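*Asks:*
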Amino acid sequence: GNSVTQMEGPVTLSEEAFLTINCTYTATGYPSLFWYVQYPGEGLQLLLKATKADDKGSNKGFEATYRKETTSFHLEKGSVQVSDSAVYFCALSEGQGGSEKLVFGKGMKLTVNP
Amino acid sequence: DGGITQSPKYLFRKEGQNVTLSCEQNLNHDAMYWYRQDPGQGLRLIYYSQIVNDFQKGDIAEGYSVSREKKESFPLTVTSAQKNPTAFYLCASSKIQGLPSNQPQHFGDGTRLSIL
Chain A
1 GNSVTQMEGP
11 VTLSEEAFLT
21 INCTYTATGY
31 PSLFWYVQYP
41 GEGLQLLLKA
51 TKADDKGSNK
61 GFEATYRKET
71 TSFHLEKGSV
81 QVSDSAVYFC
91 ALSEGQGGSE
101 KLVFGKGMKL
111 TVNP
Chain B
1001 DGGITQSPKY
1011 LFRKEGQNVT
1021 LSCEQNLNHD
1031 AMYWYRQDPG
1041 QGLRLIYYSQ
1051 IVNDFQKGDI
1061 AEGYSVSREK
1071 KESFPLTVTS
1081 AQKNPTAFYL
1091 CASSKIQGLP
1101 SNQPQHFGDG
1111 TRLSIL
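Line by line, the protein sequences are chains A and B.
Quick note on the working numbering: the first sequence kicks off at 1 and runs consecutively.
Quick note on the working numbering: the second sequence kicks off at 1001 and runs consecutively.
1. Going by the beta-carbon positions, is the gap between V6 of chain A and Y88 of chain A smaller than 9 Å?
2. Below 9 Å between beta carbons: does that hold for G1063 of chain B and Q1082 of chain B?
3. Are the beta-carbon atoms of N1018 of chain B and T1077 of chain B separated by less than 9 Å?
4. With a cut-off of 9 Å, does the C-beta of F1055 of chain B fall near any C-beta of chain A?
5. For Y1048 of chain B, I'd like the list of residues in its chain whose CB is within less than 8 Å of its CB, leaving aside the five on either flank, ordered along the chain.
6. Would I1051 of chain B and L1027 of chain B qualify as a contact pair, given that the criterion is a beta-carbon distance under 9 Å?
7. According to DSSP, simplified to helix, strand and coil, what is V82 of chain A?
8. Of all Cβ atoms in chain A, is any one closer than 9 Å to the Cβ of R1068 of chain B?
9. Counting only the same chain and skipping the five closest in sequence on each side, list residues whose C-beta sits under 6 Å from that of S1073 of chain B.
10. Using the C-alpha atoms, what's the distance from K1070 of chain B back to S1094 of chain B?
11. Which residues bound the beta strand (DSSP E) around S1073 of chain B?
12. With a CB to CB cut of under 6 Å and the five nearest residues on each side skipped, what residues in its chain are close to S79 of chain A?
13. So which of B:L1116, B:Q1037, B:S1114, B:G1108 has the shortest CA-CA distance to Q1002 of chain B?
14. Just to confirm, is the Cβ distance from E94 of chain A to A27 of chain A under 9 Å?
15. Where S58 of chain A and Q45 of chain A are concerned, what is the direct C-alpha to C-alpha distance, given to the nearest angstrom?
16. From the DSSP output, read off the bridge partner residues of D1054 of chain B.
17. Alpha carbon to alpha carbon, how far is L47 of chain A from L75 of chain A? Give it in angstroms, no decimals.
18. Which chain B residues sit within Cβ distance under 8 Å of E42 of chain A?
19. Take G1 of chain A as the anchor and find which of A:L102, A:T111, A:K60 has the nearest alpha-carbon.
20. Measuring only between beta-carbons, confirm whether P1100 of chain B sits less than 9 Å from chain A.
Below you can see the structure in the form of structure tokens.
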């Protein structure tokens, strides 16, 4: 079946450091890919998405590019802030169009220190 | 503002007791989902529903039940058959839309269930 493998933390960075969170996937067909963020005590919020190969999703300084050849969707940010401290989940949607089930990675907890 | 409301935020259950978690959305979304989150395991799908009066099992449906009598509501019952119910439960919803775009799921703030 479909699966998502992402870096597992926890990871601690200093403010203004560069961030990369690796995410690779296994899927049949052409899934859409997502990054969600979960702040302490809250639900998940969509951070960015990409729906086809070579698409780049971006939001709040975060970027990720849908790489079909390497089945990857790595998340990057050039300069993290304390407010970026959260758990980050990579996910894919099964099927195309309509309402699809999401398959999640295990999440990575990021702590950014001032 | 539109959104998803889960209640209660914290819930305690005694052994052998059924409990029901509420999920309401006013986003006019067709599809709704229930996930279970455990430390280090990410999110796992319990049940989902794409239309009123219809729902499907997810990956870990055993010990859970749902209903979808209204478009806005998708309550989850954790039954006594669920032997390890302590977890963080998240409800989500999304539009149903055809190709080419995929609609993201919107999440509530979760309910944390603990066993007394």
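Ideal Cβ placement from N, Cα and C applies to all residues, glycine included.
All figures in this text were calculated on a predicted structure; none of them were measured in a lab.
*Replies:* On the basis of the supplied data:
1. The amino acid at residue 6 of chain A is misidentified as Val; the sequence shows Gln. Yes, the Cβ-Cβ distance between Q6 of chain A and Y88 of chain A is below 9 Å.
2. yes
3. yes
4. no
5. A1031, M1032, Y1033, W1034, F1055, Q1056, G1058
6. no
7. Annotated three-state conformation of V82 of chain A is helix, per DSSP.
8. no
9. E1024
10. 15 Å
11. Annotation for S1073 of chain B: no beta strand (DSSP E) segment contains it, and DSSP assigns it neither H nor E.
12. E16
13. Note that residue 1002 of chain B is Gly in the sequence shown here, rather than Gln. For G1002 of chain B, the nearest C-alpha among the options comes from B:G1108.
14. yes
15. 14 Å
16. Beta-bridge partners assigned by DSSP to D1054 of chain B: B:I1051.
17. 10 Å
18. D1109, G1110
19. A:L102
20. Note that P1100 of chain B scores a pLDDT of 42, beneath 50, so its modelled location is shaky and nothing firm can be said.
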